[in-house]
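Which chain is which? The protein sequence lines are X and W, in order. With my numbering, letter number 125 in the first sequence gets 125, and the count goes up by one each step, no holes. With my numbering, letter number 174 in the second sequence gets 174, and the count goes up by one each step, no holes. Glycine residues also receive a C-beta, built at the ideal position from the N, C-alpha and C atoms. One structure is given below, encoded as structure tokens.
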Amino acid sequence: MKFRRYRNIIILTSVLSLLIPLYSQSGYELPEVMKIDLKRLEETWNILDRFAEKIWPGWDNYRDVPFRFSYPNGVEMLVGHPDPPDSFELLSGVEVQGKKIFVDRHKEIPLELNPPMGGGGGVLPYGKGEPVYIVDLHISSYRDVEKEEEKKTSLPEEFRYASDRQILTNIHELFHCFQRSVYRYRFGNFMCNPDANYAIYAEIEGIALEKAYLETDEEKAREYLKDFIVARELKRKDLLERERNQESEDDLMEGTAVYSETMALQLMKEGYKPLISKEDDPYFFGFQYVDEMLEQKLEYLREQRKVSLNSRGKCYPYGCFQALLLSRFFPGWQENFFQEQKLLDQLLREKLGVSDPKNPEEIAKYLAGRYDFDDISEHHTQRVAQRDNAYEMIQARKGRVYVVNFKPTGEYLYPQKYGESFEVGLMHIYPEGIEKAEIQEVLFTGEKTPTIKDQLYYIKWIDTEASPGEKGYVVTFSRKEGEDIFYDAVVKTKGFILKAPKIQIKDRESRVKITILSKIKTGH
Amino acid sequence: MNFRKLVSSLLFMALLALSWAFLAAEDHIVEESTRTYMGRTIPPMTSEIWVGENKMCYKGRSFNYIYRFDLKKKYTLNLRNKKYLEEPLEESSKPAEKEKARIQTLGFDYTPVYDWIVTKTDKEKIIDGHTCRLFILEGDADYAEEKRELWIAQDVPIDLDRYYEFVVKPGLDEEWLKIYERNPELKHSVALESQTITEHPIAPTMTWTSKITKIESVEPPEGLYELPEGFQKVETREELYAR
Chain X
1 MKFRRYRNII
11 ILTSVLSLLI
21 PLYSQSGYEL
31 PEVMKIDLKR
41 LEETWNILDR
51 FAEKIWPGWD
61 NYRDVPFRFS
71 YPNGVEMLVG
81 HPDPPDSFEL
91 LSGVEVQGKK
101 IFVDRHKEIP
111 LELNPPMGGG
121 GGVLPYGKGE
131 PVYIVDLHIS
141 SYRDVEKEEE
151 KKTSLPEEFR
161 YASDRQILTN
171 IHELFHCFQR
181 SVYRYRFGNF
191 MCNPDANYAI
201 YAEIEGIALE
211 KAYLETDEEK
221 AREYLKDFIV
231 ARELKRKDLL
241 ERERNQESED
251 DLMEGTAVYS
261 ETMALQLMKE
271 GYKPLISKED
281 DPYFFGFQYV
291 DEMLEQKLEY
301 LREQRKVSLN
311 SRGKCYPYGC
321 FQALLLSRFF
331 PGWQENFFQE
341 QKLLDQLLRE
351 KLGVSDPKNP
361 EEIAKYLAGR
371 YDFDDISEHH
381 TQRVAQRDNA
391 YEMIQARKGR
401 VYVVNFKPTG
411 EYLYPQKYGE
421 SFEVGLMHIY
431 PEGIEKAEIQ
441 EVLFTGEKTP
451 TIKDQLYYIK
461 WIDTEASPGE
471 KGYVVTFSRK
481 EGEDIFYDAV
491 VKTKGFILKA
501 PKIQIKDRES
511 RVKITILSKI
521 KTGH
Chain W
1 MNFRKLVSSL
11 LFMALLALSW
21 AFLAAEDHIV
31 EESTRTYMGR
41 TIPPMTSEIW
51 VGENKMCYKG
61 RSFNYIYRFD
71 LKKKYTLNLR
81 NKKYLEEPLE
91 ESSKPAEKEK
101 ARIQTLGFDY
111 TPVYDWIVTK
121 TDKEKIIDGH
131 TCRLFILEGD
141 ADYAEEKREL
151 WIAQDVPIDL
161 DRYYEFVVKP
171 GLDEEWLKIY
181 ERNPELKHSV
191 ALESQTITEH
201 PIAPTMTWTS
211 KITKIESVEP
221 PEGLYELPEG
231 FQKVETREEL
241 YAR
């Protein structure tokens, strides 16, 4: 492998790069959060320099992948991109292991970035000319900490994993870039709201995977794996062929990426020397909690299998544990696996010699005898029925529509709710309402009334009692610009109150749309 | 044949040829379009439209579309894998029957239902010798917005009624049909330059710009509306798009 030949040079470069100051000769000094992200990236490369080949034979393109970090203050940082869009400026004198750093400050707002921060994202084509695949990360705060000192003296539990987890996320996304180099993505994302049958057998699948993973007796473990395969068949009875393939491919793509994280943890447990230290990144713990982090992978499987209304989240642990079990029972399975366009469940079936169930009713009875079917069934059936009722109720609401658009804030919404909520696709239904949603200085407080969050950035409420000709809301503000832009605005409706530094209100007959134009006061 | 008869015959044949050429002439439009998304502007793409009596052909980079209104058929040709799909042409006024929604698929694909405001502005400019007026169309939906700026011309050498009937109308939904009916100037025109800015619910802003670089009435190439040789018929879109 090419990398091995140059390994010593790369390691030497890595060490030397730690001595290079992370501030630009062109004047822009990177905030601490961004410096930490660069250090995390170096640690990611350090781990993969040592373990990538063991995680997956042939994985050697991880240093070639540019990273983009997007921060809540509107700044974007691009690392190692050969041809950035014009909006990016080169930070002269700043490099990370020979990679150039660019920043785009066109949308910068005066918002302080307080570490620790972290984020997820994905892989996408990006660049001014011919786009190259990059890892795109949206960085946000773990949570607000009022006192800086508190953070340092008593580190909250989630911060113990802040940087170590982010490094695993980097590994995960880099593995996606490796997949793209050896596997042709064919079927598209699996998007499916579970029905009761799906949710029931998905849980049985998950239990079977866990049992197979924990079982020390090989024969028994294989039997559980076969249970997983037949439960999957029963689960998919109402899915289209396309959807079955999509689900298997999601298991493959996300599952093997989680597998790369898990294998990295297992290998680090056997012996590993970090490149960076707490001086570089106060939230880096050198994977000293590796056992807890490995246990969390199993816990993730347990959590996801119980989820009734979301199928997408299951592919991460389900795919990972299929891959881990393939490694246990069929060492060497990764050889040409991607190149041959195989799917994980397909390979398991082939290796275990499981054919299509000839008598699904018999299989269902068999599984019911081995798993706690009645309890599982009752839980999911009830939950699915509640969701269906909530969807029907929300669809029946007619009246004047209020939409609050948070998209320009660049931050996803995580509302606090009254009572339960139910997912239908990207829509989250809150039959009893949203209590509060907050992004920086924007505050949405809701009444106990059915409300929706949709498309990640929008809250929608329907005033079913609106009278024709009635305005329906009151807006107070410190300043107005043009006809529809308000500063320091407070909008009161019968369903919610919205406070925001700057908004636009589009008032049409059937819809009032309020767009958040600024999430902080900027001195106008 | 005396000389006068000969001249008359030649004149008659010349007129016949001229009128035949006129009758055979079809509308030909060449358009260049580009898209800006996430800091990148893709190089301009050229497409071509031919419109004849009861026929229309759109030639793109990867796909060609042949509309045979006379046969009530539409052909989609994938130029990469040399496959084509034949579909019946629906009456545009007849809304397609909606499939019963499955719970599995609800809530994932958001299709904006825009409320449109159409503004005919006083702005005029000359594009390639044609007088154009700016129309602005602003669409607002629950989770998306779109703004279209169209520089429309009417003094162009093509049959605008036919252009509307065979090129514009087949792509219009009920709402857009109403917009065109309410705006005869828009209906009886062609946009020589346009820009569409779409604010998607989740994805970043996307801007499309297009410019018509050639608009003429000429004789079309032979066999334009026929299926080219070597193309294989398929039955589904999946097969058509397969690599």
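Between the alpha carbons of residue 173/X and residue 89/X, how many angstroms are there, rounded? By one-based count along the first sequence, residue 173/X stands at place 173. By one-based count along the first sequence, residue 89/X stands at place 89. So the two alpha carbons sit approximately 25 Å from each other.
Closest Cβ-Cβ distance between residue 103/W and chain X: below 8 Å? As a first step, residue 103/W must be located in the second sequence, where it is residue number 103. Yes, because at least one Cβ of chain X sits closer than 8 Å to the Cβ of residue 103/W.
Nearest chain X C-beta to residue 202/W closer than 8 Å, yes or no? Reading the second sequence from its first residue, position 202 is the one you call residue 202/W. Yes, residue 202/W counts as interfacial toward chain X.
Measure the Cβ-Cβ separation of residue 402/X and residue 493/X and say whether it is below 8 Å. Mapped onto the first sequence, residue 402/X falls at position 402. Mapped onto the first sequence, residue 493/X falls at position 493. Yes, Cβ-Cβ distance for residue 402/X and residue 493/X is below 8 Å.
Just how far apart, CA to CA, sit residue 209/W and residue 196/W? Within the second sequence, the letter at position 209 stands for residue 209/W. Within the second sequence, the letter at position 196 stands for residue 196/W. Those two C-alpha atoms are separated by around 6 Å.
Indicate whether at least one CB of chain W lies closer than 8 Å to the CB of residue 458/X. What you label residue 458/X is simply residue 458 of the first sequence in a count that begins at 1. It does: the Cβ of residue 458/X has a partner Cβ on chain W nearer than 8 Å.
With 7 Å as the C-beta to C-beta threshold (strictly closer), list the residues of the region 432-455 of chain X near chain W in chain order. Against chain W - using a Cβ distance shorter than 7 Å - the residues of the region 432-455 of chain X are 454, 455.
Kindly provide the ranges of any beta strand (DSSP E) runs that are 3 or more residues long and lie completely inside the region 171-223 of chain W, ordered along the chain. 190-199, 206-218
Inter-residue CB distance, residue 71/X and residue 30/X (contact presumed, cutoff 8 Å): Locating residue 71/X in the first sequence gives position 71, counting from the first residue. Locating residue 30/X in the first sequence gives position 30, counting from the first residue. Their Cβ separation, rounded to whole angstroms, is 11 Å, which puts residue 71/X and residue 30/X out of contact at 8 Å.
Name the chain X residues that come within less than 7 Å of residue 38/W, Cβ to Cβ? Counted from its first residue, the second sequence places residue 38/W at position 38. Per Cβ cutoff of 7 Å: 126.
Please report the straight-line C-alpha distance between residue 106/X and residue 216/X, rounded to a whole angstrom. Position 106 of the first sequence, counted from the start, is the residue given in the question as residue 106/X. Position 216 of the first sequence, counted from the start, is the residue given in the question as residue 216/X. If you take the alpha carbons of residue 106/X and residue 216/X, they lie about 57 Å apart.
Against residue 427/X, what residues of chain W qualify as contacts under a CB-to-CB distance less than 7 Å, listed in chain order? Walking along the first sequence from the start, residue 427/X turns up at place 427. Counting only Cβ-Cβ distances below 7 Å, residue 427/X has contacts in chain W at 107, in chain order.
Can you tell me where the alpha helix (DSSP H) holding residue 355/X begins and where it ends? Position 355 of the first sequence, counted from the first residue, corresponds to residue 355/X. Looking at the DSSP string, residue 355/X is not in any alpha helix (DSSP H), and its letter there is neither H nor E.
Tell me, please, whether the CB atom of residue 143/W is closer than 8 Å to any CB atom in chain X? Here residue 143/W refers to the residue found at position 143 when the second sequence is read from its first residue. Yes, its Cβ sits closer than 8 Å to a Cβ of chain X.
Report the start-end ranges of each alpha helix (DSSP H) in the region 369-432 of chain X that is 4 residues or longer and not cut off at the edges. DSSP runs (the alpha helix (DSSP H)) wholly in the region 369-432 of chain X: 373-396.
Distance CB(residue 101/W)-CB(residue 150/W) smaller than 8 Å: Taking the first residue of the second sequence as 1, we reach residue 101/W at position 101. Taking the first residue of the second sequence as 1, we reach residue 150/W at position 150. Contact flag unset, no.
9 Å Cβ cut-off: residues of chain X touching residue 140/W: What you label residue 140/W is simply residue 140 of the second sequence in a count that begins at 1. Residues of chain X passing the Cβ test: 506, 508, 511, 513.
Comparing the C-beta of residue 192/X with each C-beta of chain W, is any distance below 8 Å? Taking the first sequence and counting its residues from 1, the one referred to as residue 192/X is at position 192. With 8 Å as the cut-off, residue 192/X counts as an interface residue toward chain W.
Between which residues of its own chain and residue 116/X is the CB-CB distance below 6 Å, once the five residues before and five after are set aside? Position 116 of the first sequence, counted from the start, is the residue given in the question as residue 116/X. Same-chain partners within the cutoff: 142, 159, 162, 283.
For residue 116/X, which residues in chain W fall below 9 Å Cβ to Cβ? On the first sequence, residue 116/X is found 116 positions in, with the first residue counted as 1. Those within 9 Å of residue 116/X in chain W number zero; the least Cβ separation is about 26 Å.
Using 8 Å as the cut-off, can you tell me whether the region 422-438 of chain X makes contact with the region 356-367 of chain X, which would need three or more C-beta pairs spanning the two stretches below that distance? Segments in contact, no.
For residue 110/W, go through chain X and note every residue whose CB falls closer than 8 Å to its CB, in chain order. Residue mapping note: residue 110/W aligns to position 110 of the second sequence, counting from 1. Contact of residue 110/W with chain X by beta-carbon distance below 8 Å involves 426, 454, 455.
Just list the residues that DSSP pairs residue 446/X with in beta bridges. Residue 446/X sits at position 446 when you count from the first residue of the first sequence. Answer is 496/X, bridged to residue 446/X.
Check whether the Cβ atoms of residue 148/W and residue 51/W sit closer than 8 Å, and answer yes or no. Residue 148/W sits at position 148 when you count from the first residue of the second sequence. Residue 51/W sits at position 51 when you count from the first residue of the second sequence. Taking 8 Å as the Cβ cut-off, residue 148/W and residue 51/W do not qualify as a contacting pair.
Simplified DSSP assignment, three categories, for residue 166/W: Here residue 166/W corresponds to residue number 166 of the second sequence, with the count starting at 1. Helix, per DSSP.
Count the other CB atoms, across all protein chains shown, that sit within 10 Å of the CB of residue 117/W; report buried if there are 16 or more and exposed otherwise. Numbered from its first residue, the second sequence carries residue 117/W at position 117. Residue 117/W comes out exposed.
Proximity to residue 194/X [Cα-Cα], best of 515/X, 236/X, 65/X: Walking along the first sequence from the start, residue 194/X turns up at place 194. Taking only the C-alpha atoms, the option nearest residue 194/X is 236/X.
Would you mind stating whether residue 233/X and residue 356/X have Cβ atoms separated by less than 8 Å? For the purposes of this step, residue 233/X is taken as residue 233 along the first sequence, with counting starting at 1. For the purposes of this step, residue 356/X is taken as residue 356 along the first sequence, with counting starting at 1. Their beta carbons are under 8 Å apart, which means residue 233/X touches residue 356/X by this criterion.
Name the chain X residues that come within less than 7 Å of residue 115/W, Cβ to Cβ? Locating residue 115/W in the second sequence gives position 115, counting from the first residue. Near residue 115/W (Cβ distances below 7 Å), the residues of chain X are 508.
Residue ranges of each alpha helix (DSSP H) run of no fewer than 4 residues wholly in the region 26-54 of chain X, ordered along the chain? none
How would you write the range of the beta strand (DSSP E) that residue 57/W sits in, first residue to last? Here residue 57/W refers to the residue found at position 57 of the second sequence. Note, residue 57/W: beta strand (DSSP E), 55-59.
Thinking C-alpha only, which one of 61/X, 266/X, 311/X, 449/X is nearest residue 104/W? Locating residue 104/W in the second sequence gives position 104, where the first residue counts as 1. Checking every option, the nearest Cα to that of residue 104/W belongs to 311/X.
Quick check: the Cα distance between residue 304/X and residue 221/X, rounded to an integer number of angstroms? Here residue 304/X refers to the residue found at position 304 of the first sequence. Here residue 221/X refers to the residue found at position 221 of the first sequence. About 21 Å.
Examine the Cβ distances between the region 403-411 of chain X and the region 375-382 of chain X and report whether three or more of them are shorter than 8 Å. no
Residues, ordered as in the chain, of the region 62-88 of chain X that lie near chain W by beta-carbon distance below 9 Å: 84, 85, 86, 87, 88
In the DSSP assignment, find the alpha helix (DSSP H) that holds residue 315/X and state where it starts and stops. On the first sequence, residue 315/X is found 315 positions in, with the first residue counted as 1. Start and end: 315-329.
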